[in-house]
Amino acid sequence: MKLTFSCLFLSLILLSSCQNSETQNKKDKELEIAASSQDWHTQSNAHEIPLSHLHLNITVNFDQKSILGSATWFLDTLHPATGTKPLYLDTRGLQIDSVLFDDHTQANFILEQEVPFLGRALRIDLKENTKSVTIFYKTEQNSTALQWLSAQQTFGKNAPFLYTQSESIYARSWIPCPDGPGIRFTYDAEVKVPTGLMALMSAENPQEKSGDGVYHFKMEEAIPAYLMALAVGDLTFKKIDERTGVYSEMNIIDKAYHEFEDVGQMVNVAENIYGTYRWGRYDILVLPPGFPLGGMENPRLTFCTPSILAGDKSLVNLIAHELAHSWSGNLVTNATWNDFWLNEGFTVYFERRITEAVQGKDYVDMLWELGMQDLKATVEDLGKESRDTWLSLDLKGRDPDIGLTDVAYEKGSAFLKVIEETVGRDNFDKFLNEYFKKFAFKSITTTRFIEYLNKNLLDGHDDWKNAIRVQDWVYGPGIPDNYIQPGRVRFEKVEKEIQAFNNGTKAGELVTDSWSTYEWLHFLRKIPYPIDVTKMNDLDQQFNLSNSENSEIADIWYLQAIRSNYTKANPQIKDFLIHTGRMKFLEPLYKALMQTPKGKQMATDIYKTAKNNYHPLAQKEVESILYPEN
Ligand code: BES
Ligand code: ZN
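Below you can see the structure in the form of structure tokens.
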């Protein structure tokens, strides 16, 4: 009896201590999740005081280069915290004139001290039963999100142009808002622009100009602030099919239409892989050449650079990328910028699935290989052991754009490719379909994703877990050696020609007839530089590379020209750098020029002329290359 009792006692203790350590583990885990889901890049407390809806009422003033008006935030009056604490919103470079409650009384507000990268928090003292606060404000000269273009800097050259770029944390520089990817809201807007111009947003859009310059917008799906977008210019619309179309300035609309006429089909293909497109329309806006990015996935309206209008549809996989964000990113959003790979890695993976469905496996294998080359170079650059090569980033106290590297894009997608190859495409697709459904219109952390992945795909399959090595990919540096080698059918042929060329075969005798852009990119990347000027000349004579209409080919050719001191291409290089603002092209070219005293001189001269054509973000980037000491 005694024995049994003590046995029972002992086992009770054991059981309870076991339960204790289990609860402790669970608590630790929850703490860890809470800590890693902390967004270090917003000063807003809108996760405590939920804001359900934004009403914007703004005027775009091209003379003052300012957006001015009001932002009304609607509060959730049922939420217990509403009315008990002050509300904090993010701002940066905004002038705040006044704040009114819904009963038109003045609210007390203060702009807190500037915090590096984050700007100034706007503190508004709420009172009980506050239904809404209206903030009257205007943007100042240096708003990071905005590029104001003169008529000269557009294609049409007869009207000015304005557009915004809010990702990652620049929405706060044109709207006082809770600017974290984990906070979502719906919005509507009234936007007044000079008559004769069209305004477009990441929302339901007009297809014609209004007579009075006033436009109304509605976005009924909740989105994070980084997907707020506005463009104003002398724009026109052309329909592709019932739910897709393209906007641009009049004199490039036909070119744009021709390049993108298959995009309707692309949306159908994407839906077949990962389920219904949830945003209504999918339109594309082609911006003037100063646009600093390739593309930006603003919901319902992808913004894109004109530099993908190659004339032969060869660069439309960039549209596949922005379209894919309609699932990965816009529907299921990275909760913080530390989880950026959940946006971009998934999107590159998905983009390549779309491209594979349209162009075939041999074709997309080239994209996988070029991506892996980029990733290897980036890892080399950052350092093989660098913390910044983990998928799960640590950006606390740092500029979130530091995370904008091939690690998120290429290591992220390579990781998903490993999962696909291990569990089989059908299983992975089923899993991803469920994932996009389950987390639709929500934000998600890396920890939560891994938990979901284990629970819904990997648990019970230790062989899969061992083959994939989730920890190594997500919480470790460099490129784990189980990455998938892409097929090389088409690049093997290119490498034969590289060898022939190296061995003295003349450019005219190389077999290049069937080459796509990506074979050319591989060829031009892999011919060993510096290349003899006579050989550069031979290539140029034969293929007219210095005058290539294809911006990707031109970019790599100019890079090789600079490295090989092939000065004949200098006028075209100069022209290219003045007329494109796309950071992806600017960065390597300016860096290469900086390697020699002559190049340095050329770079600073070009920048003097080019600077005004660049977006503030691109200016910052180029200046960091030209003047590293500042
Ligand atoms: N969402 C990104 C652009 C971005 C990321 C802007 C982070 C600011 C901060 C967009 O989808 C993107 O990845 N664009 C790429 C093109 C793509 C094909 C890799 C670009 O602009 O080069
Ligand atoms: Zn992207």
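At position 255 of the sequence shown the residue is numbered 286 (my numbering), and the sequence of numbers has no breaks. Think of the CB as a built atom: it goes at the ideal place given N, C-alpha and C, for glycine as much as any other residue.
Per the Cβ contact rule, the stretch 69-89 is in contact with the stretch 208-219 (3 or more Cβ pairs under 8 Å). A contact is defined here as three or more CB-CB pairs under 8 Å, and the stretch 329-347 meets this definition with respect to the stretch 283-293.
The continuous alpha helix (DSSP H) containing H289 extends over residues I284 to F291. E328 has its Cβ nearer than 7 Å to a heavy atom of the ligand ZN. With a cut-off of 8 Å on Cβ pairs, the stretch 456-464 is not in contact with the stretch 415-433, counting fewer than three such pairs. Taking C-beta atoms as the reference points, E353 and T333 count as a pair closer than 8 Å. Counting along the chain, the unbroken alpha helix (DSSP H) around M567 starts and ends at V564 to F574. In this structure, the ligand BES has no non-hydrogen atom nearer than 7 Å to the beta-carbon of K461. Contiguous alpha helix (DSSP H) elements confined to the stretch 496-562 occur at 501-505, 520-533 and 548-557, taking only those with 4 or more residues. In this structure, L258 places its C-beta atom within 8 Å of the C-beta atom of P330.
At least 8 Å separates the beta-carbon of T217 from that of A260. Residues of the same chain with a CB within less than 7 Å of the CB of P431, apart from the 5 flanking positions on each side, are H72, S199, I200 and W368 in chain order. One alpha carbon belongs to G509, the other to T476, and they sit about 21 Å apart. Within the chosen limit of 7 Å, the ligand ZN does not reach the beta carbon of H289 with any heavy atom. DSSP places I254 in the uninterrupted beta strand (DSSP E) bounded by V245 to P255. The stretch 538-556 makes no contact with the stretch 475-492, as fewer than three CB pairs between them are under 8 Å. Buried is the label assigned to G264, since at least 16 other Cβ atoms lie within 10 Å of its Cβ. Leaving aside the five residues that flank P225 on each side, the residues in its chain whose CB is nearer than 7 Å to its CB run, in chain order, F93 and G244. For K270, the CB contacts under 6 Å within the same chain, skipping 5 residues up- and downstream, are G276 in chain order. Per DSSP, the continuous beta strand (DSSP E) segment holding Q126 begins and ends at L125 to F132. The beta carbon of I141 is closer than 7 Å to those of R154 in its chain, skipping five residues each way along the sequence. Not one heavy atom of the ligand ZN is found less than 7 Å from the C-beta of E441. I656 sits away from K605, with the two beta carbons spaced by 8 Å or more. Look at K615: its beta carbon is less than 7 Å from one of the heavy atoms in the ligand BES.
The beta carbons of V298 and I89 sit no closer together than 8 Å.
For the 8 Å CB-CB criterion, T108 and T165 do not form a contact. Secondary structure at E452: helix, using DSSP grouped into helix, strand and coil. D121 is bridged by DSSP to A152 and C208. Here M229 is bridged, per DSSP, to G264. Residue nearest to Q296 within the set Y308, D285 and K286 is Y308 (criterion: CA-CA distance). Placement of the Cβ of T333 at a distance of 7 Å or more from every heavy atom of the ligand ZN is found.
The alpha helix (DSSP H) runs lying completely inside the stretch 575-625 and spanning 4 residues or more are 582-594, 601-610 and 614-624, given in chain order.
Excluding its 5 nearest sequence neighbours in each direction, F607 has C-beta neighbours in its own chain below 7 Å: A585 and Y589, listed in chain order. Under DSSP, K223 shares a beta bridge with T90 and V245. Per DSSP, the continuous beta strand (DSSP E) segment holding F105 begins and ends at S97 to L106.
Only residues of its own chain outside the window of five on either side were considered, and among them D156 have a CB closer than 7 Å to the CB of N139, listed in chain order.
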